[in-house]
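**Q** Here it is: the structure, laid out below.
Below is the structure:
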């Protein structure tokens with residue numbers, strides 16, 4: 010099956026939007042420290058770029074959750090592959106995700122993290138696909154709203170391929 014990728018957002022457009030998100034977060038957390046939780050693997054590119062653009066003190070931790078495997082649609086079954094290294098009790102936490110699709114994974118993850126006692130808990134996503142939402146998830150910081158297409162690049166993959174594209178593209182199969 011041949012793959013065709015068309016550019017949805019250029020590297021320059023992604024960079025500009027991340028800069029805006031960093032400025033917004035910096036203003037809202039002025040005088041505080043923010044703790045970013047990067048949801049691996051897809052959000053790693055976005056988290057690194059976002060952290061560089063936040064001007065308040067930043068700490069980082071990583072989680073890995075999965076509901077896709079090698080498929081192009083979520084299975085609906087959420088697995089925690091890697092949990093946090095440090096407690097989040099009392100911290101101002103922003104969960105950084107690559108894409109919010111059905112909302113199942115994020116809903117599960119946010120409820121689990123809320124039970125760990127953070128001072129505040131917000132969600133930042135590079136991409137939001139509201140047409141696919143089956144579980145209501147509030148996105149506090151949204152990079153781009155996108156159509157119901159399969160997306161790759163800038164950390165997002167298809168079967169572990171195309172994460173390293175410097176832009177965000179729509180992948181189609183011929």
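Numbering (our numbering), first residue to last: 10 to 183.
For every residue, glycine included, the Cβ atom is placed at its ideal position computed from N, Cα and C.
1. Per DSSP, residue 106 forms a beta bridge with which residues?
2. Within its chain, find whatever has a CB closer than 7 Å to the CB of residue 174; leave out the 5 residues flanking it on each side and keep chain order.
3. Look up residue 71 in the DSSP assignment and give the residues it is bridged to.
4. Leaving out five residues before and five after residue 97 in sequence, what residues of the same chain have Cβ atoms less than 6 Å from its Cβ?
5. May I ask which residues mark the beginning and end of the alpha helix (DSSP H) holding residue 55?
6. Among 145, 135 and 99, which has the Cα closest to the Cα of residue 123?
7. From the DSSP secondary-structure annotation, give me the bridge partner or partners of residue 13.
8. What is the rounded straight-line gap between the Cα of residue 38 and the Cα of residue 182?
9. Would you call the CB atoms of residue 158 and residue 69 closer than 9 Å?
10. Sort out for me which residues DSSP pairs residue 161 with in a bridge.
11. Measure from the alpha carbon of residue 110 to the alpha carbon of each residue in 143, 90 and 101, then state which is nearest.
12. Enumerate in chain order the residues of its own chain whose CB-to-CB distance from residue 41 is below 7 Å, with the five nearest sequence positions on each side excluded.
13. I'd like to check one pair, residue 155 with residue 133: are the Cβ atoms closer than 9 Å?
14. From residue 136 to residue 165, what does the alpha carbon distance come to, in whole angstroms?
15. Between residue 106 and the rest of its own chain, which residues show a CB-CB distance below 6 Å, the 5 nearest in sequence each way excluded?
16. Distance, Cα to Cα, residue 21 vs residue 147?
17. DSSP state of residue 125, grouped into three classes?
18. Apart from the five residues on each side of it in sequence, which residues of its chain come closer than 7 Å, Cβ to Cβ, to residue 176?
**A** Walking through what the data contain:
1. 134
2. 161, 162 and 163
3. 47
4. 125 and 127
5. 53-61
6. 99
7. 181
8. 43 Å
9. no
10. 178
11. 143
12. 65 and 101
13. no
14. 10 Å
15. 48, 52 and 134
16. 27 Å
17. coil
18. 16, 18, 19, 20, 23, 162 and 163
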